[in-house]
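Numbered per my numbering, the sequence shown finishes at 240, counting up by one with no gaps. Every residue, glycine too, gets a C-beta built ideally from N, C-alpha and C. Here is the structure we will look at.
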Amino acid sequence: MTNRYAAHGSGSEFEPGSRGRVMRNLRRIKSVREMEQHESEALLATTHRLIDTVRADQRFNERDIRDVHKDWLGGTYEWAGEYRRINVAKGNFMFAAAGRVPQLMRAFALGPLRELTPCSFTDIDEQSHALAVVHTELVLIHPFRDGNGRCARLLSVLMGLQAGLPVLDFSGIRGEERRRYFLAAQGGLDRNYRPMTQIFRRVIERTLRQPTNV
């Protein structure tokens with residue numbers, strides 16, 4: 027949408043008249059600001075719906091991830107909920123090759139999702155670790171053309187609710203913490219989840235400090 031990711035392939039066409047800044051979309055939106063607002067409002071609506079329907083005993087699977095993405099962006103992009111067929115990168119960092127996404131998502135469902143959801147952990151260290159592993163693996167696969175980070179954060183929110191936590195507050199991931207977050211995600215390539223676990227511990231602690239959560 028805003029050239030956050032370099033893309034290669036047919037899925038990288040832009041909306042005519044957007045000067046190559048907004049991806050082709052069903053709403054014919056050409057403005058970056060308008061698209062950002064639209065996506066944010068749609069994500070908020072999807073978040074509220076899922077918060078109301080998530081079950082404490084729900085084990086998330088591959089279909090659930092696709093459905094979340096489709097629910098959020100189905101009215102905006104034709105490819106919502108579909109695995110990407112193009113390679114994407116952020117800066118010099120390449121996410122998983124498009125051809126491997128289906129296989130990686132199956133392994134993700136049979137591994138971290140099966141092992142760590144439903145997220146019923148009560149200890150903050152276990153909660154942080156579970157959230158970090160699932161979040162990191164989903165971000166590294168980057169299954170969709172766009173919206174992967176937000177989709178992964180929403181999944182973290184739902185897992186947190188299963189663990190009895192309030193809705194997680196990610197507002198602290200900015201500035202230096204945002205840089206640490208991206209480095210932590212890359213650490214997942216070597217299955218080093220400790221940096222992301224530390225980030226999620228801070229997210230949980232920040233969330234619990236909110237006045238409404240005391």
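Discussion item. Short of 7 Å in beta carbon distance, which residues of its chain neighbour Pro-138, apart from the five on each side in sequence? Order them along the chain.
Written reply: By the criterion of a C-beta distance shorter than 7 Å, Pro-138 is surrounded in its chain by Val-159, Val-160, Glu-163, once the five residues flanking it on both sides are discounted.
Worksheet item: If His-168 sits next to Phe-226, beta carbons under 8 Å apart, how far is it from one beta carbon to the other, in whole angstroms?
Response: Contact between His-168 and Phe-226 is ruled out by a C-beta separation of about 19 Å, above the 8 Å threshold.
Discussion item. Can you tell me whether Asn-51 is helix, strand or coil according to DSSP?
Written reply: Shown here, Asn-51 sits in coil according to DSSP, grouped into three states, outside any helix or strand.
Worksheet item: Contact check, Ser-182 vs Leu-157 under 8 Å by CB: the rounded distance?
Response: In this structure Ser-182 is in contact with Leu-157, their Cβ atoms being roughly 5 Å apart against a cut-off of 8 Å.
Discussion item. Which of the three DSSP states is assigned to Ala-158 in this structure?
Written reply: Reduced to three states, the DSSP call for Ala-158 is helix.
Fill in: Ser-154 versus Ile-230 - alpha carbon distance
Distance between the alpha carbons of Ser-154 and Ile-230 is about 8 Å.
Worksheet item: Should the region 131-150 be regarded as contacting the region 80-88, the criterion being three or more beta carbon pairs within less than 8 Å?
Response: Taking 8 Å as the limit for Cβ pairs, the verdict is that the region 80-88 does touch the region 131-150.
Worksheet entry | Three-state secondary structure (DSSP) of Val-80 | Looking at Val-80 - three-state DSSP - the assignment turns out to be coil, as it is neither helix nor strand.
Item to complete: Please classify Asn-113: does DSSP put it in a helix, a strand, or coil?
Response: Three-state result, Asn-113: strand.
Practice prompt. With distances taken Cα to Cα, identify the nearest neighbour of Tyr-103 among Leu-191, Ile-112, Arg-111, Asp-172.
Written response: Proximity to Tyr-103 across Leu-191, Ile-112, Arg-111, Asp-172 peaks at Asp-172, based on C-alpha coordinates.
Fill in: Endpoints, alpha helix (DSSP H) assigned at Gly-175
Segment 174-188, the alpha helix (DSSP H) holding Gly-175.
Worksheet item: Considering only the beta carbon of each residue, do Glu-41 and Arg-54 sit closer than 8 Å?
Response: Contact: yes.
Item to complete: Look at the Cβ atom of Ala-123, then the Cβ atom of Arg-111, and state whether they are nearer than 8 Å.
Response: Ala-123 is not a Cβ neighbour of Arg-111, given a cutoff of 8 Å.
Worksheet item: Any idea if Ala-115 is buried or exposed, counting beta-carbon neighbours within 10 angstroms, 16 or more meaning buried?
Response: Under a 10 Å Cβ-count criterion, Ala-115 is classified as exposed, with fewer than 16 other Cβ atoms of the shown protein chains found around its own Cβ.
Discussion item. According to DSSP, is Phe-208 part of a helix, a strand, or is it coil?
Written reply: Under the three-state reduction of DSSP, Phe-208 is assigned to helix.
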